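Worksheet: the structure to be examined is printed underneath.
Chains as they are written, first to last, in the working numbering: chain F, 61 to 303; chain X, 577 to 658.
See below:
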């Protein structure tokens, strides 16, 4: 560990050298490296996560640029996962960053998340989030949902069989529209920062906040405390929705 | 009885307040609370099917009756963009 890279972070009393060392021993798998995912990966790498695998099958598109900070016009057409691997290695060469250009499906997700301490959701797909939820519960790997739309961001950390899972609250999730999701450019960075904070809590064993809602126009964070659904088909009855 | 409702996110903007109160009969259900909310604030109509309503921190069936003193929270639908 470089002597002064994390100095200011370790000055945080509730973090310190011990948490820094814990973080350096952890591995996260990020599924989706776009607006949300690229910001979350950037923060985790800068903060000193041990290793991160970034899985995305898309290439950088001009419509991504308004809500990301790592991608530039020079990256257009190049695979997001590989661009992030290269740029994040330049950000912090102490972190093992692996880009994987692959579509995540039920047949490969268990292999892709093997060894992860936490799975991060950077997708823009509702079915894929259900798949992440299934594999999280089945393999007992915590995950952190994050989503953005218009001017609203939401984040929820999930500890399998201890906190509500996506299915616990899913009776109220609308089907994904087939059109493009409207997103204010500044929103993914804010939402990703919240996602990373919840990830940090998971990795350090601190309690999670629940479902966090950030609304740009209200300029405030709110938390909706939700209990587990005692009849949840996934986290209670182990009936996988997508696997 | 008086039903006190906590609003989350943009619902506060739409309502212009953080909390609502409705006068309702004993046995009023979550569904009826949603109907009252939508009737008073038609801007939330498009969310009606998907808004998350919790009673005492648990998401429950829309047919669940509400009693005196129950804590009701209404949250906009979960978002799925990335």
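For each residue, glycine too, the CB sits at the ideal point set by N, CA and C. Given the structure is predicted, the values throughout are model-derived calculations rather than measurements.
Residue from 161(F), 93(F), 153(F) with nearest C-alpha to residue 129(F): 93(F)
Extent of the continuous beta strand (DSSP E) to which residue 275(F) belongs: Start and end: 271-275.
Chain X contact for residue 120(F) (CB, 8 angstroms cutoff): no
Short CB-CB distance (under 8 angstroms) between residue 200(F) and chain X: no
Residue 171(F) burial status per 10 Å Cβ neighbour count (16 or more: buried): Counting other Cβ atoms within 10 Å of its Cβ, residue 171(F) stays below 16 and is therefore classed as exposed.
Which residues DSSP lists as bridging residue 282(F), in chain order: 273(F)
With 16 other Cβ atoms within 10 Å as the buried cut-off, status of residue 597(X): exposed
Of the residues 136(F), 122(F), 155(F), 115(F), the one placed nearest residue 165(F), counting alpha carbons only: Closest in alpha carbon position to residue 165(F), among 136(F), 122(F), 155(F), 115(F), is 115(F).
Selection from 250(F), 292(F), 259(F) that minimises the alpha carbon distance to residue 273(F): Minimum Cα distance to residue 273(F) is reached at 250(F).
Own chain residues within Cβ distance below 6 angstroms of residue 221(F), not counting five before or after: Closer than 6 angstroms at Cβ, skipping near neighbours: 295.
Whole-angstrom distance between residue 89(F) and residue 104(F), CA atom to CA atom: 11 angstroms
Residues sharing a beta bridge with residue 168(F), DSSP: Beta-bridge pairing links residue 168(F) to no other residue.
Residue 646(X), DSSP secondary structure in three states: coil
Within 8 angstroms, strictly: CB atoms of residue 284(F) and residue 648(X): Result no, Cβ atoms of residue 284(F) and residue 648(X) do not sit closer than 8 angstroms.
Chain-ordered chain F contacts of residue 604(X) [CB-CB under 7 angstroms]: What residue 604(X) touches in chain F: nothing, since even the nearest Cβ is about 19 angstroms away.
Residue 619(X) classed as buried or exposed, judged by whether at least 16 other C-beta atoms fall within 10 angstroms: exposed
Residues, ordered as in the chain, of the region 169-192 of chain F that lie near chain X by beta-carbon distance below 9 angstroms: 181, 182, 183, 184, 185, 186, 189
Top-ranked residue by Cα proximity to residue 636(X), from 288(F), 161(F), 148(F): 288(F)
Same chain, Cβ closer than 8 angstroms to residue 557(X), neighbours up to 5 away in sequence not counted: Outside the displayed span of chain X (577 to 658) sits residue 557(X), for which this structure offers no information.
Helix, strand or coil at residue 593(X) [DSSP, three-state]: coil
Partner residues on chain X for residue 287(F), Cβ-Cβ distance less than 7 angstroms: Taking a Cβ-Cβ cut-off of 7 angstroms, the neighbours of residue 287(F) in chain X comprise 633, 634, given in sequence order.
Enclosing alpha helix (DSSP H) for residue 191(F) [first to last residue]: 186-199
Exposure label - residue 71(F); buried when at least 16 CB within 10 Å: exposed
Assigned secondary structure, residue 587(X) (DSSP; H/G/I helix, E/B strand, else coil): helix
Spatial neighbours of residue 632(X) in its chain, beta-carbon cut-off 8 angstroms, leaving aside the 5 residues before and after: For residue 632(X), where only same-chain residues beyond five positions count, the Cβ hits under 8 angstroms are 646, 647.
Residue 640(X) at chain F interface by Cβ criterion, 8 angstroms: no
Rounded separation between residue 629(X) and residue 102(F) - CA only: 35 angstroms
C-alpha gap between residue 299(F) and residue 188(F), whole angstroms: Rounded to whole angstroms, the separation of the alpha carbons of residue 188(F) and residue 299(F) is 16 angstroms.
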